[in-house]
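Residues 29 to 243, numbered by the numbering used here, are exactly what the sequence shown covers, in order.
Read the structure below first, then the notes.
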Amino acid sequence: MQSSRILTQREGVIFILSAPSGAGKTTLINGLMKIFPGITLSVSYTTRCPRPGEVPGRDYHFVAKKRFAEMQVRGNFAEWANVHASLYGTPRGPLERNIRRGRDVLLDIDVQGASKIKRQYHRAVSIFLLPPSWQELERRLALRGTDRRESIRQRLENARREIRAIMRYDYFVVNREIGEALDSLRSIVIAERLRISRVKKWRLPSLHRKTPFNQ
Ligand code: 5GP
């Protein structure tokens, strides 16, 4: 590898995005992936059943409890958690391969998972997405009504519990308006990618060369 390229050889960034249901996380993730096609969205394993429209391997790897337990024992998960009575886990292999290769990874995981990832990967960046207000969250949950297993009141209670964990996060973004929230997320991604602490090796190109620093 040319010395000029080494300056910006960096590890991939792990971005964690957590939000209570109804905060608009899926829409924002889709928007973010359009802005940054180079970010890889981690596909979790789960024991819950697929919902209509969900594609195995794209949205989740849907597996039986036995398979999930085997993977737990083998240490295949970077973190796992019990969320709303189903198990969810982030596969360790693809996550570590991507960050080693300098590819950024986005984890859409809950507050328990976020703490576990931060403990193991100290440079991971955690972002908490907030709805504009309780009233607006309640309105969005009522409009959605996709999941009948849980009442709106139950979901609001869950949201309240999750939002209490916000102080453990690095950033918060309020989803008042999609464009504004995407701008905030975009700024976080750009700034975190430019952290000097993520550069693996410093070696400047020799003087008088036209080679740009950011190659
Ligand atoms: P859903 O079943 O609605 O897709 O997701 C329910 C919750 O589980 C969401 O808050 C989502 O962020 C979280 N979740 C999804 N995958 C994982 C994972 O691999 N680990 C953890 N800890 N949470 C996850």
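The beta-carbon is built from N, C-alpha and C at its ideal position, and this holds for glycine as well.
Check, Outcome
"Option in 75, 233 and 107 with minimal Cα separation from residue 93", "75"
"Under the three-state DSSP convention, the category residue 30 falls into", "At residue 30 the pLDDT is 45, less than 50, meaning the model places this residue with poor confidence; the figure from the coordinates comes in the next sentence. Residue 30 falls in the coil class under three-state DSSP."
"Exposure of residue 33, with buried meaning 16 or more beta-carbon neighbours within 10 Å", "At residue 33, the pLDDT of 47 sits below 50, so the modelled position is not reliable; the number obtained from the coordinates is stated separately. So residue 33 counts as exposed."
"Residue 150 to residue 164 span [Cα, whole Å]", "34 Å"
"C-alpha gap between residue 153 and residue 81, whole angstroms", "30 Å"
"As assigned by DSSP and simplified to three states, the class of residue 117", "strand"
"Backbone CA spacing between residue 239 and residue 233 [nearest angstrom]", "7 Å"
"Exposed unless 16 or more other CB atoms sit within 10 angstroms - verdict on residue 48", "buried"
"Residue 116 CB to nearest heavy atom of the ligand 5GP below 7 Å", "yes"
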